[in-house]
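Enquirer: Mind looking over this structure? Questions follow.
There are 2 protein chains.
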Amino acid sequence: MSTMSRTEISALGEFGLIHRLTKDIQPQQPSTEKGIGDDAAVMNHGDKRSLVTTDLLLEGIHFNLEYVPLKHLGYKAAVVNFSDIYAMNGKPTQIVVSLGISKRFAVEDLEALYSGIRLACEKYGVDLVGGDTCASMTGLTISITCIGEAKKEDIVYRNGAKENDLICVTGNLGAAYLGLQLLERERIALRGNENATPNFEGKEYLLERQLKPEARKDIIEQLHKAGIHPTAMMDISDGLSSELMHICRQSGVGCAVYEDKIPINYEAAVQAEEMNLNIVTCALNGGEDYELIFTCSISDYEKLIPLDDVYIVGHILKPEAGMKLVGRNGEELALKAQGWQAFA
Amino acid sequence: MSTMSRTEISALGEFGLIHRLTKDIQPQQPSTEKGIGDDAAVMNHGDKRSLVTTDLLLEGIHFNLEYVPLKHLGYKAAVVNFSDIYAMNGKPTQIVVSLGISKRFAVEDLEALYSGIRLACEKYGVDLVGGDTCASMTGLTISITCIGEAKKEDIVYRNGAKENDLICVTGNLGAAYLGLQLLERERIALRGNENATPNFEGKEYLLERQLKPEARKDIIEQLHKAGIHPTAMMDISDGLSSELMHICRQSGVGCAVYEDKIPINYEAAVQAEEMNLNIVTCALNGGEDYELIFTCSISDYEKLIPLDDVYIVGHILKPEAGMKLVGRNGEELALKAQGWQAFA
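Protein chains in written order, with the numbering used here: chain W, 4 to 347; chain B, 4 to 347.
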């Protein structure tokens, strides 16, 4: 690994690194319709399109087996991939699962992990069609690739947001992050006391958001029924700020998001208060909510209102207006993505 | 990870483990044509089929960065996936690449890795369409999923071998394993002597087979031109014995392989002699050759003879005959797969 010059990965960050590695890749295959840069790649098979997305989960980075049960981990690992396919307005159909496993795992542990993967597959109607299983020197590695399908005209990319479009989010934001903070706090508090059990009474919702997230299949179905075709869409895995900035940059537009419109769960707000955290910051930067953010034409407003669990949080502006958060008193702040700092 | 009973993974082995985890999975999606159990899964998109395969490579298990240059590693990681698609008689078209990387890697290291992946993509006409890049606590993790395409009638599975079919292999076998032994020997010999350079003069071919394998796209093209449709096919990643046993078990047949017909490279034979290894054992159990093994009807014999780099090594028998290796003096031995012992 001797190199002439050495640039630390932290100097570029995740997106800078990916850009540097992939910037001049030119697709050659006629079936490649969309490559790097969205929630999933798109392949052309005649009138149908297939979608492909992949996620790598590493022990110690993405999960901590001290508090994540293996069954939940399997469920979440599958669901986060389904979420990427829904975020393209597609339907997940197949997954392949690769596992790197060390000797400390027993067959029963892997059965628990697989039972979670299979539960997710059953619930979302997805087939587990293959994979690779191998030994690992260190922790548990889970790599899942999901295949999906969609009609050409249904696919929604990140780059279609237009001036005056409405910005919508689903569910509520920040709760998964607070669930993680809670688990971490208890882990540290109970360290060295193996017989103690943490008391999570009244916090079940926050834990569920962190440990057993769901992908918003129901929203995709609602949009379809209502005849709404979003102009841009993503799933919210890194926090609202980061995802909205992706949509604005790729669409070449600005935006305004209203702080008081961001949907917050009551238990999450209480927990943030207790932990002395700003709940809006948790919603903007927390991540792992796996809700959807989409933009749609203002002419869809009437169709949007009856939808369950969909909230209008702002609108798209000219690019010159920048990307801003409008506070409760009308003050404007520039949106910032704290997002992914793992290499820092 | 407390479980009521604990079964060690080594008690089941790789295939036993996969069987236990996946045995009662029933596909639900109409587009799933073939799930777990072949080189790739098959999805139905009207008259076209798409194929999907995945490989997980972990530092310390699948590669050792002390002697594997990152560019070669990237090249090989891509090519081994292409090989699985060719083994279905398909054409690889897209890959997604996930990397788990620790801080000891610089941007330049990842550029080297990617340059190898991209070189492989250019050579085989495959598009890199997505992936996931994240931090790792420990070593380098590479997960690649490859998508391919084929016409329905062209796809070759493992389970179609029939009594009297010819068994063919391509290229030569055992050289990749000897290349690995050579690299390991030199690594140990030079340990603690950082300025010494190993002398690999005259061994270049063996190193290339280990460090820069190729997928047999050319063979698939030759078979197509010759109008030969194999009855069963696999790529040889775990050694001839293991792969042939998969074909026989899945096809419900027996086989005879003739020791003196197995194609061996001269340099490999010399190296085996020098290392006091049996070259036929290397060919049968060595692995990582990424050649193809296929069976075809005896009526294709005339078409088979003119093909370049294809060798008939035996034939398919009734299931009662078992799976046997016929030695140079006519003695018969039962085929054994030493294969994958990583959990032992």
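Glycine included, every Cβ here is placed at the ideal spot set by N, Cα and C.
Under 8 Å: do the region 228 to 235 of chain W and the region 160 to 175 of chain W share three or more Cβ pairs, one atom per stretch?
Expert: yes
Enquirer: Can the beta-carbon of residue 132 of chain B be found closer than 7 Å to that of residue 44 of chain W?
Expert: On the second sequence, position 129 is the one that residue 132 of chain B refers to. On the first sequence, position 41 is the one that residue 44 of chain W refers to. Cβ distance < 7 Å, so residue 132 of chain B and residue 44 of chain W count as in contact.
Enquirer: So what does DSSP say about residue 134 of chain W, is it helix, strand or coil?
Expert: Here residue 134 of chain W is taken as the residue at index 131 of the first sequence, counted from 1. DSSP places residue 134 of chain W in strand when its eight states are reduced to three.
Enquirer: Return the chain-ordered list of same chain residues with a C-beta closer than 6 Å to the C-beta of residue 5 of chain W, the five sequence neighbours on each side being excluded.
Expert: Translated into the one-based positions of the first sequence, residue 5 of chain W becomes position 2. Bear in mind that the predicted position of residue 5 of chain W carries a pLDDT of just 49, short of 50, making it unreliable; the figure below should be weighed with that in mind. Here the set comprises nothing.
Enquirer: List the endpoints of the continuous alpha helix (DSSP H) containing residue 118 of chain B.
Expert: Locating residue 118 of chain B in the second sequence gives position 115, where the first residue counts as 1. 110 to 127 is the span of the alpha helix (DSSP H), which, as asked, contains residue 118 of chain B.
Enquirer: Using alpha carbons as the reference points, say which of B/264, B/181, B/95 and B/135 lies closest to residue 280 of chain B.
Expert: Looking up residue 280 of chain B in the second sequence gives position 277. Selected option, being the one with the closest Cα: B/181.
Enquirer: Considering only residues of the region 208 to 263 of chain B, which uninterrupted alpha helix (DSSP H) runs meet the minimum length of 4 residues and lie entirely inside it, listed in chain order?
Expert: 220 to 229 and 243 to 254
Enquirer: Label residue 117 of chain W either buried or exposed according to how many other C-beta atoms from any shown protein chain fall within 10 Å of its C-beta, with 16 as the threshold for buried.
Expert: Numbered from its first residue, the first sequence carries residue 117 of chain W at position 114. Buried, since its Cβ has 16 or more Cβ neighbours within 10 Å.
Enquirer: Go through its chain and collect everything with a Cβ distance to residue 105 of chain B's Cβ below 6 Å, but skip five positions before and after it.
Expert: Along the second sequence, one-based indexing puts residue 105 of chain B at 102. So the qualifying residues of the chain are 139.
Enquirer: Mind listing, in chain order, the continuous alpha helix (DSSP H) runs of no fewer than 4 residues lying wholly within the region 282 to 346 of chain B?
Expert: 282 to 288 and 304 to 307
Enquirer: Grouping DSSP H, G and I as helix and E and B as strand, with all else coil, what is residue 8 of chain W?
Expert: For the purposes of this step, residue 8 of chain W is taken as the residue at position 5 of the first sequence. Three-state result, residue 8 of chain W: coil.
Enquirer: Select from W/50, W/68 and W/114 the residue whose C-alpha is nearest the C-alpha of residue 12 of chain B.
Expert: Taking the second sequence and counting its residues from 1, the one referred to as residue 12 of chain B is at position 9. Cα-wise, what sits closest to residue 12 of chain B is W/114.
Enquirer: Can the beta-carbon of residue 303 of chain W be found closer than 7 Å to that of residue 231 of chain W?
Expert: In the first sequence, counting from the first residue as 1, residue 303 of chain W sits at position 300. In the first sequence, counting from the first residue as 1, residue 231 of chain W sits at position 228. Yes.
Enquirer: Straight-line CA distance for residue 100 of chain W to residue 146 of chain W?
Expert: Walking along the first sequence from the start, residue 100 of chain W turns up at place 97. Walking along the first sequence from the start, residue 146 of chain W turns up at place 143. Going from the Cα of residue 100 of chain W to the Cα of residue 146 of chain W covers about 6 Å.
Enquirer: Spatial neighbours of residue 315 of chain W within its chain, please: CB distance less than 6 Å, with the 5 preceding and 5 following residues excluded, ordered by chain position.
Expert: Position 312 of the first sequence, counted from the first residue, corresponds to residue 315 of chain W. Closer than 6 Å at Cβ, skipping near neighbours: 169 and 171.
Enquirer: If contact means a Cβ-Cβ distance below 8 Å, which residues of the region 171 to 191 of chain B contact chain W?
Expert: none
Enquirer: Suppose only complete runs of 4+ residues qualify. What are the alpha helix (DSSP H) ranges in the region 167 to 214 of chain W, listed by chain order?
Expert: The region 167 to 214 of chain W contains these whole alpha helix (DSSP H) runs: 178 to 192 and 207 to 214.
Enquirer: What residues in the region 225 to 238 of chain W have a beta carbon less than 7 Å from any beta carbon of chain B?
Expert: none
Enquirer: Assign residue 308 of chain B to buried or exposed, taking buried as 16 or more other Cβ atoms, counted over all protein chains shown, within 10 Å of its Cβ.
Expert: Counted from its first residue, the second sequence places residue 308 of chain B at position 305. Exposed, since its Cβ has fewer than 16 Cβ neighbours within 10 Å.
Enquirer: Are there any heavy atoms of the ligand GDP lying less than 6 Å away from the beta-carbon of residue 9 of chain W, as far as the coordinates show?
Expert: The ligand GDP is not part of this structure, which contains no ligands at all.
Enquirer: Can you confirm whether residue 331 of chain W, when its beta carbon is compared against all beta carbons of chain B, has any partner nearer than 7 Å?
Expert: For the purposes of this step, residue 331 of chain W is identified with residue 328 of the first sequence, where counting begins at 1. No, residue 331 of chain W does not count as interfacial toward chain B.
Enquirer: Please confirm whether residue 284 of chain W has its beta-carbon closer than 7 Å to some beta-carbon of chain B.
Expert: As a position in the first sequence, residue 284 of chain W is number 281, starting the count at 1. It does not: the Cβ of residue 284 of chain W has no partner Cβ on chain B nearer than 7 Å.
Enquirer: Can you give me the C-alpha to C-alpha distance between residue 19 of chain W and residue 289 of chain W, rounded to a whole angstrom?
Expert: Counting from one through the first sequence, the residue named residue 19 of chain W turns up at place 16. Counting from one through the first sequence, the residue named residue 289 of chain W turns up at place 286. So the two alpha carbons sit approximately 21 Å from each other.
Enquirer: What whole-angstrom Cβ distance do residue 130 of chain W and residue 32 of chain B have, given they're in contact under 8 Å?
Expert: Counting from 1 along the first sequence, the entry for residue 130 of chain W is found at position 127. Counting from 1 along the second sequence, the entry for residue 32 of chain B is found at position 29. That belief holds up - the Cβ atoms of residue 130 of chain W and residue 32 of chain B are roughly 5 Å apart, short of 8 Å.
Enquirer: Along the chain, where does the alpha helix (DSSP H) containing residue 44 of chain B start, and where does it finish?
Expert: For the purposes of this step, residue 44 of chain B is taken as residue 41 along the second sequence, with counting starting at 1. Element bounds for residue 44 of chain B: not the alpha helix (DSSP H) but the beta strand (DSSP E), 44 to 48.
Enquirer: Using alpha carbons as the reference points, say which of B/320, B/28 and B/337 lies closest to residue 125 of chain W.
Expert: To locate residue 125 of chain W, count along the first sequence from 1; it is residue 122. Comparing Cα-Cα distances from residue 125 of chain W to each of B/320, B/28 and B/337, the minimum goes to B/28.
Enquirer: Sorted by chain position, which residues of the same chain lie with C-beta nearer than 8 Å to residue 331 of chain B's C-beta, five sequence neighbours on each side aside?
Expert: Mapped onto the second sequence, residue 331 of chain B falls at position 328. For residue 331 of chain B, where only same-chain residues beyond five positions count, the Cβ hits under 8 Å are 262 and 263.
Enquirer: Could you work out which residue in B/310, B/175 and B/96 is closest to residue 54 of chain B when comparing CA atoms only?
Expert: Sequence index remark: in the second sequence, residue 54 of chain B carries index 51 (1-based). The option with the nearest alpha carbon to residue 54 of chain B is B/96.
Enquirer: Note the first and the last residue of the continuous beta strand (DSSP E) segment covering residue 103 of chain W.
Expert: Locating residue 103 of chain W in the first sequence gives position 100, where the first residue counts as 1. Segment 94 to 104, the beta strand (DSSP E) holding residue 103 of chain W.
Enquirer: Return yes when the Cβ of residue 270 of chain W is within less than 7 Å of the Cβ of residue 208 of chain W, no when it is not.
Expert: The residue you call residue 208 of chain W lines up with position 205 of the first sequence. The residue you call residue 270 of chain W lines up with position 267 of the first sequence. Yes, the Cβ-Cβ distance between residue 208 of chain W and residue 270 of chain W is below 7 Å.
Enquirer: Look up residue 155 of chain B in the DSSP assignment and say whether it is helix, strand or coil.
Expert: Residue numbering aside, residue 155 of chain B sits at position 152 when the second sequence is read from its first letter. Correct three-state label for residue 155 of chain B: helix.
Enquirer: Does DSSP put residue 88 of chain W in a helix, a strand or coil?
Expert: Looking up residue 88 of chain W in the first sequence gives position 85. Residue 88 of chain W falls in the helix class under three-state DSSP.
Enquirer: In angstroms with no decimal places, state the Cα-to-Cα distance between residue 344 of chain B and residue 66 of chain B.
Expert: Within the second sequence, the letter at position 341 stands for residue 344 of chain B. Within the second sequence, the letter at position 63 stands for residue 66 of chain B. Unreliable placement is indicated for residue 344 of chain B, whose pLDDT of 43 sits below 50; the coordinate value is still reported in the next sentence. The straight-line gap from Cα to Cα measures roughly 16 Å.
Enquirer: Does any residue of chain B bring its CB to less than 7 Å from the CB of residue 16 of chain W?
Expert: Taking the first sequence and counting its residues from 1, one reaches residue 16 of chain W at position 13. No, its Cβ sits nowhere closer than 7 Å to a Cβ of chain B.
Enquirer: Suppose contacts are defined by Cβ-Cβ distances below 7 Å. Is residue 372 of chain W in contact with residue 257 of chain W by that definition?
Expert: This structure gives no information on residue 372 of chain W, because the portion of chain W shown stretches from 4 to 347.
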